[in-house]
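Numbering-wise (my numbering), the sequence shown opens with residue 17 and increments by one.
Below: the structure, in structure tokens.
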Amino acid sequence: MRAQPNSSKTGVMLAGICLVILGVMPIIANSRPGGFSALSFAFFLSVWQLVFSLPLLLRGIASPDRGIFDAAVDPATRRRTLTVLVSTGIIFGLSTYAYVLAVEKAGAVSAAIAIVSYPLFAILWETLFLGRRKSVFELGLTGLLVIALFYLATGGTWRIDGFSVWFLFALSVPFLWSVAHVIIKEMLGRTPITPAQITFIRVLVSSVFLGIVVLATTDMRTVLDDLANLPFQAFALAMGLVYYVELILWFHAVRTIDVSLASSITVPWPVLTMVLAIVFLGEPVAIYQVAAFVIVAVSIYGLILADARKRPVPA
17 MRAQPNSSKT GVMLAGICLV ILGVMPIIAN SRPGGFSALS FAFFLSVWQL
67 VFSLPLLLRG IASPDRGIFD AAVDPATRRR TLTVLVSTGI IFGLSTYAYV
117 LAVEKAGAVS AAIAIVSYPL FAILWETLFL GRRKSVFELG LTGLLVIALF
167 YLATGGTWRI DGFSVWFLFA LSVPFLWSVA HVIIKEMLGR TPITPAQITF
217 IRVLVSSVFL GIVVLATTDM RTVLDDLANL PFQAFALAMG LVYYVELILW
267 FHAVRTIDVS LASSITVPWP VLTMVLAIVF LGEPVAIYQV AAFVIVAVSI
317 YGLILADARK RPVPA
């Protein structure tokens with residue numbers, strides 16, 4: 017069945033809000049007070065995400081649609097689902113830390129362009145593990161995307177000796193996201209789990225994982241000092257809130273519109289990051305960054321369009 021017009025409009029609107037949130041997130045991360053580690057910030061923003069995810073989780077459990085916690089769900093299915101969510105939660109915990117560190121070290125603009133290259137990795141996994149062959153057109157766009165990323169990584173010089181290791185590190189974020197999303201996508205169609213439950217379990221596992229890493233690498237006094245620092249916690253809270261809202265809105269957006277459409281709407285978010293980085297961070301935006309982003313955006317739009325054309329039209 018085709019989505020109802022009003023539902024489609026809602027999905028487009030939600031994806032548009034996700035675009036704004038994605039553009040703002042790097043600015044919040046890099047605006048936090050100095051002297052606080054990326055690991056500590058990633059941990060505390062995850063804890064705040066967990067706090068914000070509780071109301072929807074409890075509301076869902078109290079409703080008739082209890083999702084994965086419904087008594088009718090087979091115990092073996094519940095165990096498999098929770099196992100998958102634990103493993104992907106660890107991956108998302110790593111990606112949260114990588115996100116904060118990449119934005120700090122590579123810069124908000126370059127990191128944003130690296131992160132928006134997510135479809136490149138999705139294509140890689142689809143080709144390697146799902147056996148989905150790509151057309152010459154798609155392979156050409158992928159090659160163009162790789163060239164644009166290399167140009168950006170070398171600071172617009174094309175020289176290997178100018179290659180940014182931190183930009184390469186920023187690519188680990190979409191890499192980790194794509195791995196976790198492929199795993200979750202295969203699970204979603206077979207279980208009754210709800211978006212609120214997925215989000216809660218994801219951030220719970222991420223918080224526990226990052227908490228263990230923090231305690232293993234940082235003395236307790238530093239952790240308590242970070243916890244008691246109100247300006248630092250204010251930014252961690254803001255980042256946790258917008259990140260959680262983006263996750264929930266995205267899940268609801270792709271329920272009413274195709275993932276390809278939702279993805280195409282959010283592609284321009286690095287443009288917003290560029291503008292905000294100039295205004296709030298005083299971060300310069302170079303011509304090569306703008307040029308690289310244009311090429312990346314064109315390549316991604318082409319790949320999304322090519323993928324959409326291959327899908328059967330719903331009756």
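Glycine is no exception: its CB is placed at the ideal position from the N, C-alpha and C atoms.
Check: How big is the Cα-Cα spacing for Gly-334 and Ala-138?
Finding: A question about residue 334 goes unanswered here, because the residues of the chain that appear run from 17 up to 331.
Notebook entry, point to check: Does the beta carbon of Tyr-167 come closer than 7 Å to any beta carbon on chain D?
Noted result: Although the question refers to chain D, the structure presented lacks it and comprises just one protein chain.
Check: Is Gly-109 helix, strand or coil when you go by DSSP?
Finding: Here DSSP, grouped into helix, strand and coil, assigns Gly-109 to helix.
Item checked: Alpha-carbon to alpha-carbon, Asn-46 and Glu-299 -> About 10 Å.
Checklist line | Rounded straight-line distance, which links the Cα of Val-119 to that of Val-239 | finding: When rounded, the distance between both Cα atoms is 22 Å.
Notebook entry, point to check: Which runs of the alpha helix (DSSP H) spanning at least 4 residues fall entirely within the region 276 to 304, listed in chain order?
Noted result: Complete alpha helix (DSSP H) runs here, min 4: 285 to 292.
Checklist line | Ser-103 versus Leu-257, Leu-157, Phe-225, Ile-316, residue with shortest Cα-Cα distance | finding: Of Leu-257, Leu-157, Phe-225, Ile-316, the smallest CA-CA separation from Ser-103 is found for Phe-225.
Notebook entry, point to check: Do the CB positions of Trp-141 and Val-198 come within less than 7 Å of each other?
Noted result: Yes. Within cutoff.
Item checked: Pairwise C-alpha distance: Ala-302 and Leu-55 -> The alpha-carbon atoms of Leu-55 and Ala-302 are separated by roughly 29 Å.
Item checked: Counted within 10 angstroms of its Cβ, other Cβ atoms place Ile-37 as buried (16 or more) or exposed -> If you draw a 10 Å sphere on the C-beta of Ile-37, you find 16 or more other C-beta atoms in it, and that means buried.
Notebook entry, point to check: Shortest alpha-carbon distance to Ala-127 belongs to which of Pro-286, Met-255, Leu-297?
Noted result: Measuring from the Cα of Ala-127, the nearest candidate turns out to be Pro-286.
Notebook entry, point to check: Which residues bound the alpha helix (DSSP H) around Asp-90?
Noted result: In the DSSP assignment, Asp-90 falls outside any alpha helix (DSSP H), carrying neither H nor E.
Check: Within 10 angstroms of its Cβ, does Ile-281 collect 16 or more other Cβ (buried), or is it exposed?
Finding: Around the C-beta of Ile-281, 16 or more other C-beta atoms lie within 10 Å, and the residue is accordingly described as buried.
Margin query: Among the candidates Ala-196, Ala-308, Lys-25, whose CA atom is the shortest distance from the CA of Tyr-167?
Written below: For Tyr-167, the nearest C-alpha among the options comes from Ala-308.
Next item on the list: Just tell me which of Ser-24, Lys-25, Leu-35 has its CA closest to the CA of Glu-262.
Entry: That would be Leu-35, whose Cα lies nearest to the Cα of Glu-262.
Item checked: Beta-carbon proximity list for Gln-213, same chain, < 8 Å, skipping 5 on both sides -> Excluding positions up to five away in sequence, the list reads Leu-73, Gly-76, Gly-83, Ile-84, Phe-85.
Item checked: DSSP three-state assignment for Trp-174, whether helix, strand or coil -> If DSSP states are grouped into helix, strand and coil, Trp-174 belongs with coil.
Margin query: Let me confirm a value: Phe-153 is counted as buried when at least 16 other C-beta atoms fall within 10 Å, else exposed. Which label applies?
Written below: Phe-153 should be labelled exposed.
Next item on the list: Using alpha carbons as the reference points, say which of Leu-257, Leu-30, Trp-182, Arg-95 lies closest to Leu-66.
Entry: Comparing Cα-Cα distances from Leu-66 to each of Leu-257, Leu-30, Trp-182, Arg-95, the minimum goes to Leu-257.
Check: What do you reckon, are the CB atoms on Ile-217 and Leu-101 nearer than 7 Å?
Finding: Cβ distance < 7 Å, so Ile-217 and Leu-101 count as in contact.
Next item on the list: Figure out for me which residue from Leu-161, Phe-108, Val-63, Gln-249 has the closest Cα to the Cα of Ile-200.
Entry: When each option's Cα is compared against that of Ile-200, the closest is Phe-108.
Margin query: Mapping the DSSP letters down to three states, classify Ile-209 as helix, strand or coil.
Written below: Residue state, collapsed to three classes: coil.
Notebook entry, point to check: Skipping 5 residues on each side, what residues in its chain have a beta carbon closer than 7 Å to that of Val-89?
Noted result: Result list for Val-89: Pro-208, in chain order.
Notebook entry, point to check: DSSP state of Leu-187, grouped into three classes?
Noted result: If DSSP states are grouped into helix, strand and coil, Leu-187 belongs with coil.
Check: Distance, Cα to Cα, Arg-237 vs His-268?
Finding: Rounded to the nearest whole angstrom, the CA to CA distance from Arg-237 to His-268 is 41 Å.
Notebook entry, point to check: What is the rounded straight-line gap between the Cα of Val-162 and the Cα of Thr-215?
Noted result: Taking C-alpha positions only, Val-162 is separated from Thr-215 by approximately 31 Å.
Item checked: Alpha carbon of Arg-18 to alpha carbon of Thr-233, nearest angstrom -> Because the pLDDT of Arg-18 is 45, which lies under 50, any placement of that residue in the model is unreliable, and the number read from its coordinates should be weighed accordingly. CA-CA distance, Arg-18 to Thr-233, rounds to 52 Å.
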